[in-house]
Amino acid sequence: MITEQQFSTELDLIITNAIREDVGDGDHSSLACIPFSAKGKAKLLVKDEGVIAGVEFAKMVFNYVDPNLKVETLIEDGSQVKYGDIVFYVQGSSQSILKAERLVLNAMQRMSAIATKTKSFADLLEGTKTKILDTRKTTPGIRALEKWAVKIGGGENHRFALYDMIMLKDNHIDFAGGLTKAINKTKKYLKDTNRDLKIIVEARNLQEIEEILESDGVYRILIDNFNYDDTRKAVALIGDKCLTESSGGINENTLRNYAECGVDYISSGALTHSVYNMDLSLKAV
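Residues are numbered in this note's numbering as their position in the sequence shown, beginning at 1, plus a constant of 736.
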């Protein structure tokens, strides 16, 4: 994953662009009918159930819009919530609260949905050594928020983007002329460019697992779209030579079975691409 400083920069960019997109040259609805000097208070109301996420991000948004806004947090990120819970109160300029409202809600609804789904997957893995990973199948422009939500829900982050890890998948391998050529070219590239990046290689069958193991320097093997029996065989072949990751259409019904095959990780795009936003409201009090 990227550094904390890089992650912080991504969050700053998200906030800046989202406010630009939503506010433009002014929140004219508020400007038209609410005095500049008006003060108000609002509460973040839960109208659903699940894992709340995005509280700390909401604080960042409020601070960006107006550093004088004050937030009183009642429920922290990662907590289980139910209908009727109040997560926080925010008070200060009424215009500022309304300017920040939509970005706060959009982010928290999405993040909470992802955290809730991730928690359900992590719970299914309880008692195994397997950890749940996200993917790059995220909403363009807000990847940092979605990966943050996965962490809040008890999952782990895969690579952040194309630049922080090498991942040789089927198309890379085919375009490079085969597995061994792709791995050797990658190791030479990293040496020539003085980069220290971990290498993950996808295997499509047991023969490819055996070929990958002939090369040194592979951090993790992606056991992609294998059945349970072949996954167990792959794990036995790999042993402690490198880490293992299962992927490919794994869902709530098959997750535990793949974990019991002995893999270190299971990656799932569904954590971020197949969720329904949690119902939250920001209501004046």
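Virtual Cβ for every residue (Gly too), placed ideally from N, Cα, C.
What does a CB cutoff of less than 6 Å around Ile888 pick up in its chain, not counting 5 residues either side in sequence? The sequence position of residue 888 within the sequence shown is 152, counting from 1. Once the five neighbours on either side are set aside, the close Cβ partners of Ile888 are Ala789, Asp813, Gly814 and Ala851.
Starting from Ser983, trace the beta strand (DSSP E) in both directions and tell me its first and last residue. For this step, residue 983 is matched to residue 247 along the sequence shown. Taken as a continuous stretch (DSSP letters only), the beta strand (DSSP E) holding Ser983 covers Leu979 to Ser983.
For the beta strand (DSSP E) that Asp960 lies in, which residues bound it at each end? On the sequence shown, residue 960 is found 224 positions in, with the first residue counted as 1. Where Asp960 is concerned, the enclosing beta strand (DSSP E) stretches over Arg956 to Asp960.
If we require 3 or more residues per run, which beta strand (DSSP E) segments fall completely within the segment 805–842? 806–809 and 822–829
According to DSSP, which residues form a beta bridge with Lys867? Sequence index remark: in the sequence shown, residue 867 carries index 131 (1-based). Answer is Tyr1001, bridged to Lys867.
8 Å CB neighbourhood of Phe824 in its chain, flanking five on each side removed: In the sequence shown, residue 824 corresponds to position 88, counting from 1. Only Lys779, Leu780, Val791, Ala794, Val807, Glu808, Thr809, Leu810 and Ile811 meet the Cβ criterion.
Go to Ile986, then tell me how far its beta strand (DSSP E) extends in each direction, as first and last residue. Looking up residue 986 in the sequence shown gives position 250. Run containing Ile986: none; DSSP gives neither H nor E here.
Which stretch, first to last residue, makes up the beta strand (DSSP E) that contains Ser951? In the sequence shown, residue 951 corresponds to position 215, counting from 1. Element bounds for Ser951: n/a, residue is neither H nor E.
Whose C-alpha, out of Ser848, Asn963 and Leu860, is nearest the C-alpha of Tyr1012? Indexing the sequence shown from 1 puts residue 1012 at position 276. Here the closest residue by C-alpha is Ser848.
Taking only beta-carbon positions, decide if Glu757 is within less than 8 Å of chain D. Among the chains in the structure shown there is no chain D, since it carries only a single protein chain.
Taking Arg872 as the reference, give the member of Arg838, Asp748 and Tyr899 with the closest Cα. As a first step, residue 872 must be located in the sequence shown, where it is residue number 136. The candidate whose alpha carbon is nearest that of Arg872 is Tyr899.
Output the boundary residues of the alpha helix (DSSP H) element that contains Glu757. What you label residue 757 is simply residue 21 of the sequence shown in a count that begins at 1. Per DSSP, Glu757 belongs to the alpha helix (DSSP H) from Glu740 to Val759.
Which whole-angstrom value is the C-beta distance of Thr980 and Ile974, which I expect to be below 8 Å? What you label residue 980 is simply residue 244 of the sequence shown in a count that begins at 1. What you label residue 974 is simply residue 238 of the sequence shown in a count that begins at 1. Contact flag correct, Cβ pair sits at about 6 Å.
Closest to Leu767 by C-alpha separation, out of Gln831, Gly863 and Asp906, would be which residue? Position 31 of the sequence shown, counted from the first residue, corresponds to residue 767. Residue Gln831 is the option with its Cα nearest to Leu767.
Which residues in the same chain have their Cβ closer than 8 Å to the Cβ of Leu881, if we skip the five residues on either side of it in sequence? For this step, residue 881 is matched to residue 145 along the sequence shown. Here the set comprises Leu747, Ile750, Gly790, Phe793, Ala843, Arg846 and Met847.
Bounding residues of the alpha helix (DSSP H) (the contiguous stretch that carries Leu973): Here residue 973 refers to the residue found at position 237 of the sequence shown. Here the alpha helix (DSSP H) through Leu973 covers Tyr964 to Ile974.
For Val801, which beta-bridge partners are listed by DSSP? Against the sequence shown, residue 801 aligns to sequence position 65. In the DSSP output, where bridge partners are listed per residue, Val801 has none listed.
List the whole-angstrom C-beta distance separating Ser982 from Tyr994, where the pair is believed to meet the contact cut-off of C-beta under 8 Å. As a first step, residue 982 must be located in the sequence shown, where it is residue number 246. As a first step, residue 994 must be located in the sequence shown, where it is residue number 258. Going by Cβ atoms, the distance from Ser982 to Tyr994 rounds to 5 Å, so yes, they are a contact pair.
How close, in whole Å, do the beta carbons of Tyr800 and Ile833 come, if the pair is a contact with beta carbons under 8 Å? The count along the sequence shown starts at 1 and reaches residue 800 at position 64. The count along the sequence shown starts at 1 and reaches residue 833 at position 97. Between Ile833 and Tyr800 the Cβ distance is about 13 Å, and since that is not below 8 Å, they are no contact.
Hey, how far is the Cα of Glu996 from the Cα of Thr864? Taking the sequence shown and counting its residues from 1, one reaches residue 996 at position 260. Taking the sequence shown and counting its residues from 1, one reaches residue 864 at position 128. The straight-line gap from Cα to Cα measures roughly 7 Å.
Quick check on DSSP: helix, strand or coil for Met901? Here residue 901 is taken as the residue at index 165 of the sequence shown, counted from 1. Coil, per DSSP.
Which residue comes first and which comes last in the beta strand (DSSP E) that contains Val937? Locating residue 937 in the sequence shown gives position 201, where the first residue counts as 1. It spans Ile935 to Ala939 - the beta strand (DSSP E) in which Val937 sits, taken as one unbroken run.
Under three-state DSSP, which class holds Ser1017? Along the sequence shown, one-based indexing puts residue 1017 at 281. Ser1017: strand per DSSP, three-state reduction.
Just to confirm my understanding: we take Ile909, look at its own chain, exclude 5 residues before and 5 after, and list those with CB closer than 6 Å. What are they? Within the sequence shown, numbered from 1, the residue matching residue 909 stands at position 173. Within the same chain, Ile909 has close Cβ partners Leu915 and Ala918.
Exposed or buried, which one is Ala939 when buried takes at least 16 other CB atoms within 10 Å? For the purposes of this step, residue 939 is taken as residue 203 along the sequence shown, with counting starting at 1. It counts as buried.
Using the C-alpha atoms, what's the distance from Leu991 back to Leu861? Locating residue 861 in the sequence shown gives position 125, counting from the first residue. Locating residue 991 in the sequence shown gives position 255, counting from the first residue. Looking at the two C-alpha atoms, the distance is approximately 8 Å.
Under the three-state DSSP convention, the category Leu780 falls into: Numbered from its first residue, the sequence shown carries residue 780 at position 44. If DSSP states are grouped into helix, strand and coil, Leu780 belongs with the strands.
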